[in-house]
Amino acid sequence: MKNSVEFQHITKYFPGVRALDDISFTANGGEVLAFLGENGAGKSTLLKILNGDYQPSAGDYLLNGKHVHFQSPHEAIESGVSVIYQERQILVELSVAENIFLGRMPVNKFGVIDAGLANKKALEIINDFGLAGIISPIDKVKDLSIAHQQMIEIMKAYSRENLTCICFDEPTASLSDSDIDILFNIIKKLRDEGKVVIYVSHRMSEIKRIADRVAIFKDGKLVTILNASESNEQKMIKLMVGRDLGDVFANLDRNQHIGDVYFEVQGLYSDYVEPVSFKLRHGEVLGFSGLVGAGRTEIMRAIIGADKMLGGKILLDGREVCNTDPHEAILNGIVMVPEDRKFEGILSNLDVGNNITIGALDQNSNRIGVLDQKAETKMTDEGIKEFAIKTPDSKKLVVELSGGNQQKCVVARWMATKPKVLILDEPTKGIDVGAKSEFYNLICRFAKQGLGVILVSSELPEIIGLCDRIIVMKNKRISGIVERKDATEDRLLALAMADEKIN
Amino acid sequence: MENSKLRTIKLDGGKIILFLAIVGVTILFTILNPNYLSGTNMVNILVAASLAGLIAIGETYLIIAMQVDLSPGSLVAFSGVLGALLISHGMNFFLVVLVTIAVGALIGIFNAVMINKIDLQPFIATLVSQTIIRGFAYIMCGGKPVAINNTAYIQLGKARFLGLPLSVWIMLVMMLIFGFILSKTRFGRSIYAIGGNKTAARLAGMNPKRIIYLMFIIMGILSAIGGLVFSARMHSGQPAANVNLEFDAITGAVLGGVSFTGGVGDMGGVFLGIVLIQAFNTGLTMVNVPSFWQYVARGALLLLALSSDYIRKRNRERALLDAIKKATANT
């Protein structure tokens, strides 16, 4: 029988977001189907549904034409679906054979493990993979190279007779070019044996090389499935990122009157970032661009005292401020909407009202700390109104709102403290397109009020469309400052990745 | 808004069920032993509840903030012995009270230091102090109860006001004060915030470490007060007393709607929870359930409390999921 994996109208909800929206596709044995999409497009969620880590909120999952409902990755593996993750999931202290047959080592008739037989069977697989003489069944896995460790994981999946579908999640992230060749040969072998191969990557060159068909995802939706041979890179990128945001940025009512410098960071450093210096003007939107891990968030954390500042100066209105913890930063008028809304932004056990007022407890309480409930209610009502937070009332738990509205609560929290500097770290991450443009308008509104806004974002169109100046970071340092008129995606990317291999 | 008034008295389904459970327990034990419903017995139940209630206040704060304290039983015994020793050495009564409370606060700080400075889990840290404090309670008095003869001290356990013993008044007043602090102050709000999510709370301007210090200091002070009152009632400081006291306190708090997943609960529910567990314990004794079986029954009650916590949590999650589906579909 021919192998196949079929998704029919699969939908997955998470608190505040619809991670997957009505996904339907069929992957057939004997082909490599690539999943392509930006971060957050839904690829990982889809893999986790494939391997039983998540259960779909709606829709059907068919394996070889039969409905399946995996409750755990273990069940999926037993049924012949394996996912090879970027992080190795092998036991490095055990031997190659032990890893391949983990949990089902061959035993003799007394139930004792038959190591000889295991090694023999492992050797057969190694030969199949063309790695005879390079890997031995009795090698300890920790002595192997990263690429070969990955091979062991693939062998583990391959050793199951019922293997139907094997998924690779960005498998080449840590592989050299020659290792990639080995991997691709094995993928081709698996394909030719009639397995369903799913290949997740955002490297175009690899997808062109290995994939037969390409499924393109965007914002949790399956945009289309193309034949790899008939499509080119530009077309795929356009489908992947193509949002109708051009107009949104063009029509923004941006602040035209930028004032004087009032906030200055001089030589600030922490355990996580090298010394950086920059200035911010009244009414200016200052962008921080760069790759993930370039140190942007770390600067902001040091500024507000979330990480310990080891040296340097922060000047606000000509006065030196020193934030030993975020509370002090709030008192000094420097506030941050953190990157990770779910774990750092919202307080998920509290209602909308308390989420808005929690940053202003000092403001709303008397000397002995008793809260003024009238002031709190007023602040809540104003916040909900001003930021058009969609909620039936202030007593609703914040996690019951959509992602965009949760984020608005966090913004409302900080604007209620009447800050002097507003730091937004990836404010539109994981929220839908409509809500994004609301945020862009908000940012412009804040700038018009004379507020200096620092915007950290990985989305280049957002940075270019909103910012007056853009600071680009690389390897925990500032690698360049670009004025609005000179800002292009190429320029920013070049500064972000200078001296590094660009894939 | 008018609903801020409604908020001051939270009468949710949980509290109504608790109240009905108390009524049910009362009816059941009254049928089994008509003396159960007597005024004396009702007061006895409140007296029995007063010590566990005092400790439950501290546990409520801690559990809401995702902490817990296993040492109060030991600390209550320790404080009773300390108070008895100090008064028998001729120290002024008020000074005895102050010193004992101060020592309780210091022991609270010790608990918090283990958690804040060496990053121990509260469960482990307070297990450590539970056994150390119990050890010192025995060491101080050589293992023998210390008799109390001072009349002022004895009055602490004997005095009555409007028909209720002082110990009951202390619990009620403390519950009101700490209930107010929990629901109406900056500090109280911070406790909920760090119980929901410590990282987010810190970024929102809370100081989780400081709050943990304060909560354990409060727990230490409440335990010291409990120890003084209990020793006064017993006319002696007893180093072996109050084993498993924290068990009753935690059971009461959880029955009262405080969730071990953090961030949920209020003092009104805890009061009902504590009354329920003491009504139950007293009833078991009055209908002559052998004391060994009482242990089993109490364990079963805690299991029931935890199951109801689980069911409440599951219902919250289900309601949440529906709400999310709606919210996401609308945007």
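Going line by line, the protein sequences match chains E and G. Numbered per this note's numbering, the first sequence finishes at 503, counting up by one with no gaps. Numbered per this note's numbering, the second sequence finishes at 834, counting up by one with no gaps. Virtual Cβ for every residue (Gly too), placed ideally from N, Cα, C.
Under the DSSP definition of a beta bridge, which residues are partnered with Leu286/E?
One-based indexing of the first sequence puts residue 286/E at position 286. Assignment of beta-bridge partners to Leu286/E by DSSP yields Ile454/E and Arg469/E.
Compute the Euclidean distance between the alpha carbons of Glu38/E and Asn354/E, then round it to the nearest angstrom.
Walking along the first sequence from the start, residue 38/E turns up at place 38. Walking along the first sequence from the start, residue 354/E turns up at place 354. Whole-angstrom Cα-Cα distance: 34 Å.
Can you pull the DSSP bridge partners for Arg835/G?
Given a span of 504 to 834 for chain G in the structure shown, any question on residue 835/G remains unanswerable.
Would you check if the stretch 790–808 of chain G and the stretch 744–761 of chain G touch, i.e. whether three or more CB-CB distances between them fall below 8 Å?
Yes, the stretch 744–761 of chain G touches the stretch 790–808 of chain G.
Checking contacts by CB at 8 Å: is Thr754/G closer than that to chain E?
Taking the first residue of the second sequence as 1, we reach residue 754/G at position 251. Chain E contact via Cβ: absent.
Just by C-beta distance, which residues in the stretch 696–724 of chain G are closer than 8 Å to chain E?
Flagged, chain order: Ala696, Gly698, Gly699, Asn700, Thr702, Ala703, Ala704, Arg705, Leu706, Ala707, Gly708, Met709 and Asn710.
Counting only Cβ-Cβ distances shorter than 8 Å, please list the residues of the stretch 755–768 of chain G near chain E, keeping chain order.
Those would be Gly765, Gly766 and Val767, in chain order.
Can you give me the C-alpha to C-alpha distance between Gly731/G and Ala605/G, rounded to a whole angstrom?
Looking up residue 731/G in the second sequence gives position 228. Looking up residue 605/G in the second sequence gives position 102. Correcting the residue type first, residue 731/G is Leu in the shown sequence and not Gly. Cα to Cα, the separation comes out at about 12 Å.
Closer than 8 Å at the beta carbon, the chain E residues around Phe690/G
Your numbering for residue 690/G matches position 187 in the second sequence. Phe690/G reaches chain E at Gly369, counting residues in chain order whose Cβ is nearer than 8 Å.
Please confirm if Glu344/E has its CB atom under 8 Å from at least one CB of chain G.
The sequence position of residue 344/E within the first sequence is 344, counting from 1. True, the Cβ-Cβ gap to chain G drops below 8 Å.
Return no unless some Cβ of chain E is closer than 8 Å to the Cβ of Lys518/G.
Within the second sequence, the letter at position 15 stands for residue 518/G. No, Lys518/G does not count as interfacial toward chain E.
Pick from Gly802/G, Phe664/G, Val571/G and Ile780/G that is closest to Val528/G, judged by C-alpha positions
Walking along the second sequence from the start, residue 528/G turns up at place 25. The residue with the shortest Cα to Cα distance from Val528/G is Ile780/G.
Closer than 7 Å to a non-hydrogen atom of the ligand MG - does that hold for the CB of Ala211/E?
Questions concerning the ligand MG fall outside what the structure shown contains, since it holds no ligand whatsoever.
Mind reading off the beta-carbon distance from Ala735/G to Leu659/G? Whole number of angstroms is fine, and I expect it under 8 Å.
Position 232 of the second sequence, counted from the first residue, corresponds to residue 735/G. Position 156 of the second sequence, counted from the first residue, corresponds to residue 659/G. Going by Cβ atoms, the distance from Ala735/G to Leu659/G rounds to 4 Å, so yes, they are a contact pair.
Listed in chain order, which residues of the stretch 302–335 of chain E have Cβ atoms closer than 7 Å to some Cβ of chain G?
Legend: CB atoms of the stretch 302–335 of chain E lying less than 7 Å from CB atoms of chain G belong to residues Ala306, Asp325, Pro326, His327 and Ile330.
Would Val265/E and Arg281/E be called neighbours here (beta carbons separated by less than 8 Å)?
Sequence index remark: in the first sequence, residue 265/E carries index 265 (1-based). Sequence index remark: in the first sequence, residue 281/E carries index 281 (1-based). It is not a contact, given that the beta carbons lie outside the stated cut-off.
Can you name the residues of chain E whose CB is closer than 8 Å to the CB of Gln687/G?
Translated into the one-based positions of the second sequence, residue 687/G becomes position 184. Position check: residue 687/G holds Lys in this sequence, whereas Gln was assumed. Those are Val370, Leu371 and Gln373, listed as they occur along chain E.
According to DSSP, what are the bridge partners of Ala34/E?
The residue you call residue 34/E lines up with position 34 of the first sequence. Note: Ala34/E is bridge-paired with Tyr199/E and Val214/E in the DSSP secondary-structure output.
Under a three-way DSSP split, which group does Lys518/G fall into?
As a first step, residue 518/G is located in the second sequence; it is residue number 15 there, counting from the start. If DSSP states are grouped into helix, strand and coil, Lys518/G belongs with the helices.
Comparing the C-beta of Leu609/G with each C-beta of chain E, is any distance below 8 Å?
Within the second sequence, residue 609/G is the residue found at index 106, counting from 1. Interface residue (Cβ-Cβ distance to chain E less than 8 Å): Leu609/G is not classified as such.
Can you confirm whether the stretch 482–499 of chain E touches the stretch 289–303 of chain E when touching is taken to mean that 3 or more C-beta pairs between the two stretches lie within less than 8 Å?
By the C-beta criterion, the stretch 289–303 of chain E is judged to be in contact with the stretch 482–499 of chain E, since at least 3 inter-stretch pairs fall below 8 Å.
Does any C-beta atom of chain E lie closer than 8 Å to the C-beta of Leu679/G?
By 1-based counting over the second sequence, the position of residue 679/G is 176. It does not; no Cβ of chain E falls within 8 Å.
Find the residues of chain E that neighbour Leu823/G, judging by a C-beta separation of less than 9 Å, and give them in chain order.
Reading the second sequence from its first residue, position 320 is the one you call residue 823/G. Simply Pro15, Leu397, Val399 and Glu400.
If you draw a straight line from the alpha carbon of Lys701/G to that of Ser693/G, how long is it in whole angstroms?
For the purposes of this step, residue 701/G is taken as residue 198 along the second sequence, with counting starting at 1. For the purposes of this step, residue 693/G is taken as residue 190 along the second sequence, with counting starting at 1. Distance between the alpha carbons of Lys701/G and Ser693/G is about 10 Å.
Evaluate contact between the stretch 412–430 of chain E and the stretch 369–383 of chain E, counting only Cβ atoms and requiring at least three cross-stretch pairs below 8 Å.
Touching, yes.
List the endpoints of the continuous alpha helix (DSSP H) containing Met566/E.
This structure cannot settle anything about residue 566/E, because the visible part of chain E is limited to 1 through 503.
Which residues, in order along the stretch 53–68 of chain E, keep a beta-carbon less than 9 Å from a beta-carbon of chain G?
Within the stretch 53–68 of chain E, the qualifying residues are Ser57.
Does the stretch 122–133 of chain E come within contact of the stretch 27–47 of chain E, defined as at least 3 CB pairs closer than 8 Å?
At 8 Å Cβ cutoff, the stretches do not touch.
Within the continuous alpha helix (DSSP H) that includes Phe184/E, where are the two ends?
Residue numbering aside, residue 184/E sits at position 184 when the first sequence is read from its first letter. Going by DSSP, Phe184/E is part of the alpha helix (DSSP H) stretching over Asp177 to Asp192.
Establish whether the CB of Ile471/E and some CB of chain G are separated by less than 8 Å.
Reading the first sequence from its first residue, position 471 is the one you call residue 471/E. Chain G, which has no Cβ nearer than 8 Å to the Cβ of Ile471/E, makes this no.
Listed by chain order, chain G residues near Gly359/E by CB distance under 8 Å:
On the first sequence, position 359 is the one that residue 359/E refers to. Think of a sphere of 8 Å around the beta carbon of Gly359/E: the chain G residues whose beta carbon falls inside it are Ala707 and Gly708, in chain order.
Taking C-beta to C-beta, are Leu63/E and Ser79/E nearer than 8 Å?
Within the first sequence, the letter at position 63 stands for residue 63/E. Within the first sequence, the letter at position 79 stands for residue 79/E. Ser79/E is positioned such that its CB atom lies closer than 8 Å to that of Leu63/E.
Three-state class that DSSP yields for Tyr269/E in the structure shown
In the first sequence, counting from the first residue as 1, residue 269/E sits at position 269. Per DSSP, reduced to three states, the secondary structure at Tyr269/E is strand.
Identity of the residues DSSP links to Val261/E by a beta bridge:
Here residue 261/E refers to the residue found at position 261 of the first sequence. Per the DSSP secondary-structure output, Val261/E pairs in a beta bridge with Arg281/E.
Quick check on Gln363/E: does DSSP put it in helix, strand or coil?
Translated into the one-based positions of the first sequence, residue 363/E becomes position 363. In the structure shown, Gln363/E falls within a coil segment according to DSSP collapsed to helix, strand and coil.
Bounding residues of the beta strand (DSSP E) (the contiguous stretch that carries Ala743/G):
The residue you call residue 743/G lines up with position 240 of the second sequence. Element bounds for Ala743/G: n/a, residue is neither H nor E.
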